[in-house]
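Enquirer:
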Amino acid sequence: QNYDYPKKAYMFFFNKKVKVVLNNGESFTGYIVKEYTYDILLVKSDGIKDPKDNELEKRTMIPKHAISYTTNFIHL
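Under the numbering used here, residue 61 is the last one in the sequence shown; the count climbs by one each step, no gaps.
#1: Please look up how many angstroms separate the CB atoms of T56 and V18, rounded, as I've assumed it's under 8 Å.
#2: Closest to I52 by CA distance: which of Y23, G32, N0, L41 is it?
#3: Could you check which residue in V5, D(-11), F58 has the C-alpha nearest to that of I25?
#4: Within a Cβ cutoff of 8 Å, which residues of the same chain sit near I33, ignoring the five residues on either side of it in sequence?
#5: Are Y(-10) and E20 close, meaning C-beta to C-beta below 7 Å?
#6: Quick check on this structure: which residue in I47, S30, F(-2) has the alpha carbon closest to the alpha carbon of N9?
#7: With distances taken from CA atoms, which of V28, L7, Y16, K37 is nearest K1?
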């Protein structure tokens, strides 16, 4: 089949829940919300709340050279 693939590969994962596995074996699960020249910004929520019971986000800047692979699940 002919798929309409995006110009940049990261767009497959943009604003979708993904698992990013680093070269050292560590992994992070969250949403890629921004891609920079050398880094990606991953946002996740672990259910952590502040004293006023507001849910907090974790934002992690990950250098692209540290990423082994990225994966997500899609509906067929």
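Ideal Cβ placement from N, Cα and C applies to all residues, glycine included.
Expert: In short, the structure shows the following:
#1: Here residue 56 is taken as the residue at index 71 of the sequence shown, counted from 1. Here residue 18 is taken as the residue at index 33 of the sequence shown, counted from 1. Not a contact, Cβ separation roughly 17 Å.
#2: Start at 1 with the first residue of the sequence shown, and residue 52 comes out as number 67. Comparing Cα positions, the closest option is Y23.
#3: By one-based count along the sequence shown, residue 25 stands at place 40. Restricting attention to V5, D(-11), F58, the CA atom closest to the CA of I25 is found in V5.
#4: Working through the sequence shown from its first residue, we reach residue 33 at position 48. Residues E40, L41, K43 of the same chain have their beta carbon placed closer than 8 Å to that of I33, with the five preceding and five following residues left out of the count.
#5: Translated into positions along the sequence shown, residue -10 becomes position 5. Translated into positions along the sequence shown, residue 20 becomes position 35. For Y(-10) and E20, no; Cβs fall outside 7 Å.
#6: Taking the sequence shown and counting its residues from 1, the one referred to as residue 9 is at position 24. With distances taken between Cα atoms, N9 lies closest to I47.
#7: On the sequence shown, position 16 is the one that residue 1 refers to. Looking at the Cα atoms, Y16 is the closest of the given residues.
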